[in-house]
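First residue of the sequence shown? That's 0 in numbering that gives the first Met the number 0, and the numbers climb one at a time after it. Where is the CB? At the ideal position from N, CA and C, for every residue including glycine. Note that the structure is predicted; figures quoted are calculated from it, not measured. Notes to accompany the following structure.
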Amino acid sequence: MKFTLVATCLFGLEKLLGDEIEALGYERKETIDGRVSYFGDEEAVAISNIFLRCAERVYIEVGAFNADTFDRLFEGAKALPWEDF
């Protein structure tokens, strides 16, 4: 299964983190202040947690939705495909 992974880092280290991700052989999706998104599978999750030195955390993006109220936040989180994980 292919995931969108998000690695967070300290501000200013995004370039180094992106270079580390590409050196591991993964395709970078997006670089934003403090985080880099990229594509990977189950093995990429483990490899990223072991070998990314500039990353603070590695997350799996389960989904995305617009939440401008608490009700929408809870309903959106409830609707995500948690059973797949």
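Cβ distance (whole Å) where residue i is taken to contact residue j below 8 Å
| i | j | result |
| --- | --- | --- |
| Val44 | Leu16 | No, Val44 and Leu16 are not in contact; Cβ-Cβ is about 16 Å, not under 8 Å. |
Close Cβ partners of residue i (< 8 Å) along its chain, the five nearest in sequence each way excluded
| i | result |
| --- | --- |
| Thr85 | Residue 85 falls outside the range modelled here, since the chain spans only 0 to 84, and no answer is possible. |
First and last residue of the uninterrupted alpha helix (DSSP H) at residue i
| i | result |
| --- | --- |
| Leu4 | Not the alpha helix (DSSP H): Leu4 falls in the beta strand (DSSP E), residues Phe2 to Thr7. |
| Glu13 | Glu13 to Ala22 |
Local Cβ density within 10 Å of residue i, reported as buried at 16 or more and exposed below that
| i | result |
| --- | --- |
| Asp6 | The residue asked about is misnamed: residue 6 is Ala in this sequence, not Asp. Buried, because 16 or more other Cβ atoms sit within 10 Å of the Cβ of Ala6. |
Limits of the beta strand (DSSP E) - the one that residue i falls within
| i | result |
| --- | --- |
| Val61 | Element bounds for Val61: n/a, residue is neither H nor E. |
| Gly33 | Counting along the chain, Gly33 falls outside any beta strand (DSSP E), and DSSP gives it neither H nor E. |
Backbone secondary structure at residue i - three-state DSSP
| i | result |
| --- | --- |
| Arg52 | coil |
| Glu86 | Outside the displayed span of the chain (0 to 84) sits residue 86, for which this structure offers no information. |
| Phe73 | helix |
Contacts around residue i, its chain only, beta-carbon distance under 7 Å, and the 5 residues preceding and following it disregarded
| i | result |
| --- | --- |
| Leu79 | Val61 and Gly62 |
| Tyr25 | Tyr37, Phe38, Gly39 and Ala43 |
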